[in-house]
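If you're matching positions, the sequence shown starts at 1 in full-length UniProt numbering and goes up one per residue.
Glycine included, every Cβ here is placed at the ideal spot set by N, Cα and C.
Since the structure is predicted, the reported quantities are computational estimates derived from the model, not experimental observations.
Have a look at the structure below before the remarks.
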Amino acid sequence: MRRFDGRAVLVTGAASGIGRAVALRIAAEGGRLILADRNSDGVAETATSIEQLGGSAACLRYDALSDDETAAMVDAAISVYGGLDAVLNIAGVYHRSHFEALAPADWRRILTINLDSAFLIAQRALPALAGSGGNIVNTASIAGLDGLAYAAPYAAAKAGIVGLTKSLAAEFAHRGVRCNVVCPGRVITAIATSVQPVADARPDLLSRPPRLLGMEQGARPEDLAGAYAFLASDDARFVSGAELVVDGAVQVG
């Protein structure tokens, strides 16, 4: 039996990047996917790829800036398969700015998308997850552990995600709900403004095989998919409140 056979799994940020890679990995292991993102076309492409693997996927559109849309998305996700077994919360945005030039509106936008939406999704999904013995896997960043120059709102939001995850793990352990967080380092994606200058300047990096080169190369989304799949699966049934750093040895190097 595959690890996610028959399990309903919500993946946010599923239109591209890490979210798409994780959704494909979960589908390959038998999961029934609910794909959520603001980008309807991207989500549809992910769903098509899943169906080509012989899997099933429902698509939901929502804007993480809207509390109402976020709550409605979770309710709709629960209704697709009549419950939820896992929530993989991957949607997020990056913003780079000198702190002194940072507009309050940009600060609030980054915190809303990266942190507030994770709170709302967890709060709305927890009753269903408690009923199934399910789990949440959130997405932070090594920026949330160490800070990051010129990215104060992003780092603050990701630090908040770590705290939120550990708090939920402690509060809901007695109800059988596990909560963990993945902390990626640099990830090369088509839309990641934080790494695209590297990819543009060094296109040879994209053709190299994966290896522990840390910040120079960065990870591909597929390099992180296994971490999410592990934490969401029964292989991690006694893992809760953990922060799993996947950064190619950046922190220790």
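Nearest-angstrom beta carbon gap, D247 and W142 [assumed within contact, 8 Å]: Taking the first residue of the sequence shown as position 1, residue 142 is located at position 142. Taking the first residue of the sequence shown as position 1, residue 247 is located at position 247. The residue you asked about is not Trp; residue 142 is Ile in the sequence shown. 5 Å between Cβ atoms; contact.
For R32, which residues in the same chain have their Cβ closer than 6 Å to its Cβ, ignoring the five residues on either side in sequence? As a first step, residue 32 must be located in the sequence shown, where it is residue number 32. The beta carbon of R32 is closer than 6 Å to those of A8, S56 and Y81 in its chain, skipping five residues each way along the sequence.
Shorter than 7 Å from the beta carbon of L84 to some beta carbon of chain C? Absent here is chain C; the protein component of the structure consists of one chain.
Does the count of Cβ pairs from the stretch 157-171 and the stretch 220-234 closer than 8 Å reach three? Counting Cβ pairs under 8 Å, fewer than three are found: no touch.
State the start and end residues of the unbroken alpha helix (DSSP H) segment that holds I34. Reading the sequence shown from its first residue, position 34 is the one you call residue 34. It is not in any alpha helix (DSSP H) - I34 instead sits in the beta strand (DSSP E) that spans R32 to D37.
Could I get the ranges of all uninterrupted beta strand (DSSP E) runs contained in the stretch 129-174, with 3 residues as the minimum, in chain order? Taking only runs of at least 3 residues, the beta strand (DSSP E) segments lying wholly in the stretch 129-174 are 135-139.
Could you check which residue in A21, V93 and V74 has the C-alpha nearest to that of V87? Residue numbering aside, residue 87 sits at position 87 when the sequence shown is read from its first letter. Of the listed residues, the one whose Cα sits closest to V87 is V74.
For L244 and T165, what's the separation of their Cα atoms in angstroms? Taking the first residue of the sequence shown as position 1, residue 244 is located at position 244. Taking the first residue of the sequence shown as position 1, residue 165 is located at position 165. Each residue's alpha carbon lies about 12 Å from the other.
Sort out for me which residues DSSP pairs R25 with in a bridge. As a working mapping, residue 25 is identified with position 25 in the sequence shown. None; R25 has no bridge partner.
Hey, quick one: how far does the alpha helix (DSSP H) through T189 stretch, first residue to last? Taking the sequence shown and counting its residues from 1, one reaches residue 189 at position 189. Per DSSP, T189 belongs to no alpha helix (DSSP H) and is neither H nor E.
The beta strand (DSSP E) that contains R61, what's its start and end? Looking up residue 61 in the sequence shown gives position 61. S56 to R61 is the span of the beta strand (DSSP E), which, as asked, contains R61.
Outcome for residue 261 when other beta-carbon atoms lying within 10 angstroms are tallied against a minimum of 16: The structure shown does not extend to residue 261, since the chain spans only 1 to 253, so no value can be given for it.
What distance in whole Å lies between the Cβ atoms of R108 and Y150, which are believed to be in contact at a cut-off of 8 Å? Here residue 150 corresponds to residue number 150 of the sequence shown, with the count starting at 1. Here residue 108 corresponds to residue number 108 of the sequence shown, with the count starting at 1. Contact between Y150 and R108 is ruled out by a C-beta separation of about 18 Å, above the 8 Å threshold.
Looking at the unbroken beta strand (DSSP E) that takes in E243, where does it start and where does it end? Within the sequence shown, the letter at position 243 stands for residue 243. First-last of the beta strand (DSSP E) with E243: E243 to V246.
Quick one: grab the DSSP three-state call for L212. Your numbering for residue 212 matches position 212 in the sequence shown. Caution applies to L212, whose pLDDT of 42 falls short of 50 and renders its modelled position unreliable; the value that the coordinates give is listed next. In the structure shown, L212 falls within a coil segment according to DSSP collapsed to helix, strand and coil.
Identify whether R3 lies in helix, strand or coil by the three-state DSSP scheme. For the purposes of this step, residue 3 is identified with residue 3 of the sequence shown, where counting begins at 1. The answer is coil: DSSP assigns R3 none of H, G, I, E or B.
Under 7 Å between the Cβ atoms of T70 and L120? Position 70 of the sequence shown holds residue 70. Position 120 of the sequence shown holds residue 120. Closer than 7 Å, so yes.
Using 8 Å for Cβ pairs, my map puts R28 next to L53. What's the rounded Cβ distance? For the purposes of this step, residue 28 is taken as residue 28 along the sequence shown, with counting starting at 1. For the purposes of this step, residue 53 is taken as residue 53 along the sequence shown, with counting starting at 1. Just to set this straight, residue 28 is Ala in the shown sequence, not Arg. A28 to L53, Cβ: 6 Å. Contact.
Rounded separation between G133 and V177 - CA only: For the purposes of this step, residue 133 is taken as the residue at position 133 of the sequence shown. For the purposes of this step, residue 177 is taken as the residue at position 177 of the sequence shown. For the pair G133 and V177, the Cα-to-Cα distance works out to about 6 Å.
Since V74 sits in a beta bridge, which residues does DSSP pair it with? For the purposes of this step, residue 74 is taken as the residue at position 74 of the sequence shown. None, per the DSSP bridge assignment.
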